[in-house]
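Below is one structure, written out as structure tokens, with a few remarks after it.
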Amino acid sequence: MRARTADVIDDARRVPDEGRIRAVIESVTPQVDGGRFAVKRVAGDEFDVEADCFADGHDAVLAMLCWRRDQDEQWHVVPMTAIGNDRWRGRIRLGEIGRCWYTVTAWVDAFESWRRDLARRIEPDDIRMAGLIGADLIEETAERATIGDDRERLAAWARRLRDASQAEGADAQALKALGLDARFGEIAARHPDRRFAAVHPMLPLDIDRPLARFGAWYELFPRSTAPVAGAHGTLRSCADRLADIAAMGFDVLYLPPIHPVGRERRKGPNNVLVAGPDDVGSPWAIGAAEGGHLAVHPLLGTVEDLRYLIARAREHGVELALDIALQCAPDHPWVAEHPEWFRRRPDGSVQYAENPPKKYQDIYPFDFETGDWQAMWHALAGIFRHWIAEGVRIFRVDNPHTKAFPFWEWAIASIRHDHPDTIFLAEAFTRPRVMHRLAKLGFTQSYTYFTWRNTRAELTDYFTELAHGPGAGYFRPNVWPNTPDILPEYLQLGGRPAFVVRLVLAATLAATYGIYGPAFELMEHVPREPGSEEYLNSEKYQLREWDLDRPDSLAALIGRVNRVRRDNPALHDNTSLRFLPIDNDQLIAYSKTAEAGDNIVVVVANLDPHNVHSGWLDLDLGALGITPGTSFQMHDLLSGARYLWSSARNFVRLDPQRVPAHLFVLRRRVRSERDFDYFL
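Position one of the sequence shown corresponds to residue 1 (full-length UniProt numbering), numbered consecutively onward.
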């Protein structure tokens with residue numbers, strides 16, 4: 001430690017290579033861990049960068065925002081604007097997807113200092129002397145000019161300024177006006193002297209396609225889609241569900257692993273250790289004699305059938321996502337071909353996966369400390385590349401927190417370098433710092449704790465953190481009210497109202513959400529045993545038959561909610577989320593506003609699935625752009641009802657047996673050219 005401290009002291013004492021750099025750049029935002037990781041945005045965003053830029057003394061400082069794509073050599077620059085207290089802001093509109101770099105440069109600008117001081121000068125002699133100084137500066141600027149006829153125009157300006165400054169009895173005010181001529185000033189500003197500019201270290205920015213931030217996911221087991229009872233579904237029978245999935249408004253169809261399922265130590269229904277001869281096992285126990293992670297389960301079909309499903313999905317406006325689980329069944333070919341990739345127990349057997357007290361005897365995890373780690377890394381990354389070659393661009397990754405961080409950083413970066421449209425969803429229900437690290441390493445989206453956040457205080461605190469906390473620039477939430485692994489107590493006990501309210505919350509609190517269906521729309525709620533979050537007769541271990549025509553299905557409601565999401569830009573992002581005061585703890589209220597301010601959504605939900613609740617909701621009319629005393633309409637897009645409000649404080653009452661939530665769009669009252677009132 002002493003030696004390291006001494007090195008720092010020696011560096012401070014060393015004469016710099018260039019001591020004429022006087023500008024200082026501090027507190028550049030946004031950035032993640034000092035630029036160690038990338039900030040995330042999507043194509044079409046306006047990207048604001050701010051920085052503190054200043055220098056010693058009173059000279060003028062100018063700043064520019066510089067950016068380029070990863071593969072570009074040329075930097076693009078936009079001037080930054082001073083916004084007060086030495087803080088500067090620059091804005092760019094993001095275009096093509098991929099890795100970009102941005103930085104801030106600032107310098108003491110002699111020309112700008114001269115013009116600023118000239119504007120303040122009063123004495124004629126001071127003005128004439130300043131004119132001569134300015135002429136020299138403008139001549140130097142002319143030498144740097146390379147745009148059009150800027151050099152000639154600046155040189156002419158310098159001559160006029162010098163001649164006027166040297167003329168006997170020159171009009172000082174006319175001379176001052178010539179030096180402050182705005183047209184010439186704009187030309188000179190295009191060619192600043194940045195020889196002694198400070199440059200902040202480059203910062204990374206990942207630009208994704210819009211689906212990375214806004215979308216609705218639907219999880220489906222293709223093996224449970226057979227039209228004949230008891231038969232094993234296929235990828236083609238899965239394609240027959242696409243019309244229904246599209247009608248419900250989903251953007252992504254996500255399939256659990258589609259690979260051969262191991263036979264050795266295969267689990268039976270409800271996770272029993274001994275499987276019968278006809279039991280299908282868990283799709284996450286990957287690999288058998290038919291192949292491993294690069295193969296399709298023969299009962300599901302072939303690679304050609306997968307291509308067919310991808311093409312059909314595209315016709316319906318749906319994109320396919322595959323689950324990638326980096327683990328092997330005991331009879332996966334890699335277990336025999338690469339025994340060094342797996343850990344051994346004292347008795348010589350391969351160590352199966354476990355998270356005490358849970359045991360996964362049908363799964364072998366990879367050993368990321370193996371001496372053959374480089375070959376293993378390339379093989380694992382090759383799984384993603386294989387399916388990318390088949391047309392898949394979205395991957396849900398199972399338990400990434402149990403794999404080495406350096407692997408993910410390398411694998412995702414290398415894959416996205418070649419395929420920047422790839423989306424990675426991290427399924428990591430683990431400690432917050434681990435989840436955030438995975439997001440920093442490159443995962444596009446992340447599962448959340450939403451499934452276990454039920455009270456108003458829990459939801460408010462958690463989603464305020466997600467929308468406005470330090471991780472907002474890189475941690476994109478993808479919220480799920482249920483998964484094949486998680487049937488939360490709220491859904492077990494709350495009946496239909498619980499499913500409806502959790503749907504509305506998931507779909508409006510976060511820009512991206514998903515459901516595991518058909519279990520969700522058919523309100524599957526029976527646990528394997530009391531106190532368990534496992535489904536009884538879980539689809540993870542057996543085929544299921546679903547009555548999709550049940551009259552109580554939530555499919556129509558889900559479709560309505562997803563149409564509301566698509567039609568209201570306010571719900572396409574999380575940054576505008578604001579929780580609203582309401583005087584009943586069983587009610588939660590919040591708003592979202594589109595960037596342009598012309599679309600405002602207000603959600604009020606009853607968190608108690610059993611009882612009617614009412615309360616007084618307080619709106620900030622100024623923040624909503626409403627003049628106090630002006631009436632405005634609240635249109636409930638779930639029920640179709642319209643309410644005319646005219647004050648900040650309003651009464652709401654929600655019966656969970658009817659509609660447990662309001663999904664309002666606010667419509668302001670305005671006066672038309674025809675002189676009658678109507679609502680926008």
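Glycine is no exception: its CB is placed at the ideal position from the N, C-alpha and C atoms.
ask   = By DSSP, does K540 sit in helix, in strand, or in coil?
value = Numbered from its first residue, the sequence shown carries residue 540 at position 540. If DSSP states are grouped into helix, strand and coil, K540 belongs with coil.
message = For a quick check, are the C-beta atoms of I423 and A198 less than 7 Å apart?
response = Translated into positions along the sequence shown, residue 423 becomes position 423. Translated into positions along the sequence shown, residue 198 becomes position 198. Taking 7 Å as the Cβ cut-off, I423 and A198 do not qualify as a contacting pair.
ask   = Are there 16 or more other CB atoms within 10 angstroms of the CB of S631, so buried, or fewer, so exposed?
value = For the purposes of this step, residue 631 is taken as residue 631 along the sequence shown, with counting starting at 1. S631 should be labelled exposed.
query = Can the beta-carbon of F37 be found closer than 7 Å to that of K359?
reply = Translated into the one-based positions of the sequence shown, residue 37 becomes position 37. Translated into the one-based positions of the sequence shown, residue 359 becomes position 359. It is not a contact, given that the beta carbons lie outside the stated cut-off.
query = Looking only at DSSP bridge pairs, what is E73 linked to?
reply = Walking along the sequence shown from the start, residue 73 turns up at place 73. In DSSP, E73 forms no bridge with anything.
ask   = Rounded to the nearest angstrom, how far is the Cβ of residue 715 from that of V252, given a contact under 8 Å?
value = Residue 715 lies beyond the stretch modelled for the chain, which goes from 1 to 680, so this question has no answer here.
inquiry  = Could you give the first and the last residue of the continuous beta strand (DSSP E) run that contains I207?
reply    = Taking the first residue of the sequence shown as 1, we reach residue 207 at position 207. Here the beta strand (DSSP E) through I207 covers 203-208.
request  = Find out if the Cβ-Cβ distance for the pair D86, D52 is shorter than 7 Å.
outcome  = By 1-based counting over the sequence shown, the position of residue 86 is 86. By 1-based counting over the sequence shown, the position of residue 52 is 52. For D86 and D52, yes; Cβs fall inside 7 Å.
query = Going by alpha carbons, who is nearest to R195 out of L380, H525, T455, G19?
reply = To locate residue 195, count along the sequence shown from 1; it is residue 195. The shortest C-alpha separation from R195 is found at G19.
E529 to Y535 span [Cα, whole Å] = Here residue 529 refers to the residue found at position 529 when the sequence shown is read from its first residue. Here residue 535 refers to the residue found at position 535 when the sequence shown is read from its first residue. When rounded, the separation of the alpha-carbon atoms in E529 and Y535 is 8 Å.
task = Compare the Cα-Cα distances from L203 to each of Y102, R653, P357, A589 and report the closest residue.
result = Numbered from its first residue, the sequence shown carries residue 203 at position 203. Measuring from the Cα of L203, the nearest candidate turns out to be Y102.
ask   = With a cut-off of 8 Å, do at least 3 Cβ pairs link the region 98-118 to the region 52-72?
value = yes
message = Measuring alpha carbon to alpha carbon, tell me which residue in I92, A404, D72, W88 is nearest E46.
response = Counting from one through the sequence shown, the residue named residue 46 turns up at place 46. It is I92.
message = Among the candidates D655, E595, A556, D163, whose CA atom is the shortest distance from the CA of Q586?
response = Taking the sequence shown and counting its residues from 1, the one referred to as residue 586 is at position 586. Measuring C-alpha to C-alpha distances from Q586 to each of D655, E595, A556, D163 identifies D655 as the nearest.
task = Measure the beta-carbon distance from A428 to P400 and round it to whole angstroms, keeping in mind my assumption that it falls under 8 Å.
result = The residue you call residue 428 lines up with position 428 of the sequence shown. The residue you call residue 400 lines up with position 400 of the sequence shown. Their Cβ separation, rounded to whole angstroms, is 5 Å, which keeps A428 and P400 in contact under 8 Å.
message = For a test of the three-state rule: what should DSSP assign to Y535, helix, strand or coil?
response = Counted from its first residue, the sequence shown places residue 535 at position 535. The three-state reading of DSSP puts Y535 in strand, counting E and B together.
ask   = Can you tell me where the alpha helix (DSSP H) with W107 in it begins and where it stops?
value = Position 107 of the sequence shown, counted from the start, is the residue given in the question as residue 107. Careful: W107 lies outside any alpha helix (DSSP H), inside the beta strand (DSSP E) at 98-108.
Beta-carbon gap between A239 and L309 smaller than 7 Å = Here residue 239 is taken as the residue at index 239 of the sequence shown, counted from 1. Here residue 309 is taken as the residue at index 309 of the sequence shown, counted from 1. A contact, by the Cβ cut-off of 7 Å.
request  = Name the residue from R560, F405, G131, L505 whose alpha carbon lies nearest to the alpha carbon of A661.
outcome  = In the sequence shown, residue 661 corresponds to position 661, counting from 1. Checked all of R560, F405, G131, L505; the closest Cα to A661 is L505.
query = Secondary structure at L320, three-state DSSP: helix, strand or coil?
reply = Numbered from 1 along the sequence shown, position 320 holds the residue referred to as residue 320. Assigned with DSSP and collapsed to three states, L320 falls in strand.
key: Nearest residue (CA-CA) to A605, options P497, L666, R431, I558   = Here residue 605 is taken as the residue at index 605 of the sequence shown, counted from 1. It is P497 whose Cα lies nearest to the Cα of A605.
task = For my contact list, L425 and V397 are in at a C-beta cut-off of 8 Å; report their separation, rounded to the angstrom.
result = Here residue 425 corresponds to residue number 425 of the sequence shown, with the count starting at 1. Here residue 397 corresponds to residue number 397 of the sequence shown, with the count starting at 1. Between V397 and L425 the Cβ distance is about 7 Å, and since that is below 8 Å, they are a contact.
ask   = Can you tell which of T627, W645, G625 has its C-alpha closest to the C-alpha of M634?
value = On the sequence shown, position 634 is the one that residue 634 refers to. Taking only the C-alpha atoms, the option nearest M634 is W645.
ask   = Between the C-alpha atoms of I258 and A226, what's the straight-line distance to the nearest angstrom?
value = On the sequence shown, residue 258 is found 258 positions in, with the first residue counted as 1. On the sequence shown, residue 226 is found 226 positions in, with the first residue counted as 1. Near 15 Å, if we compare the C-alpha coordinates of A226 and I258.
query = Who does S614 pair with in a DSSP beta bridge?
reply = Within the sequence shown, the letter at position 614 stands for residue 614. DSSP output for S614 lists R653 as bridge partner(s).
ask   = Which residues in the same chain have their Cβ closer than 7 Å to the Cβ of K40, if we skip the five residues on either side of it in sequence?
value = As a position in the sequence shown, residue 40 is number 40, starting the count at 1. Excluding positions up to five away in sequence, the list reads D206, D208, G473, Y474, R476.
ask   = What's the C-alpha gap between R266 and V272?
value = Here residue 266 refers to the residue found at position 266 of the sequence shown. Here residue 272 refers to the residue found at position 272 of the sequence shown. Between the alpha carbons of R266 and V272 lies a gap of roughly 9 Å.
key: Distance, I515 Cα to A375 Cα   = Reading the sequence shown from its first residue, position 375 is the one you call residue 375. Reading the sequence shown from its first residue, position 515 is the one you call residue 515. Distance between the alpha carbons of A375 and I515 is about 36 Å.
task = Quick one: using the 10 Å Cβ neighbour count with 16 as the cut-off for buried, is P260 buried or exposed?
result = Stepping through the sequence shown from its first residue, residue 260 is reached at position 260. Classification of P260: buried, given that the 10 Å Cβ count is 16 or more.
7 Å Cβ shell around D598 - same chain, five flanking residues per side excluded = As a working note, residue 598 is residue 598 in the sequence shown. Contacts found: none.
message = At the level of alpha carbons, what is the spacing between L487 and H525?
response = Taking the first residue of the sequence shown as 1, we reach residue 487 at position 487. Taking the first residue of the sequence shown as 1, we reach residue 525 at position 525. Each residue's Cα considered, the two are about 7 Å apart.
ask   = Looking at A605 and the ligand PLP, is the gap between the Cβ and the nearest heavy atom below 6 Å?
value = With respect to small molecules bound, the structure shown includes none, and the ligand PLP cannot be examined in it.
task = May I have the straight-line CA-CA distance separating G292 from T451, to the nearest angstrom?
result = One-based indexing of the sequence shown puts residue 292 at position 292. One-based indexing of the sequence shown puts residue 451 at position 451. So the alpha carbons of these two residues sit roughly 32 Å apart.
Residue range of the alpha helix (DSSP H) that includes D150 = Against the sequence shown, residue 150 aligns to sequence position 150. Its alpha helix (DSSP H) spans residues 150-166.
request  = Measure the alpha-carbon distance for E673 versus K592 and round it to whole angstroms.
outcome  = For the purposes of this step, residue 673 is taken as the residue at position 673 of the sequence shown. For the purposes of this step, residue 592 is taken as the residue at position 592 of the sequence shown. Here E673 scores only 42 on pLDDT, less than 50, and its place in the model should not be relied on; the value that follows carries that caveat. Looking at the two C-alpha atoms, the distance is approximately 29 Å.
key: Collapsed DSSP secondary structure at V670 in the structure displayed   = Taking the sequence shown and counting its residues from 1, one reaches residue 670 at position 670. Interpretation of V670 is limited by its pLDDT of 48, a score under 50 that renders its predicted location unreliable; the figure taken from the coordinates is listed afterwards. V670: strand per DSSP, three-state reduction.
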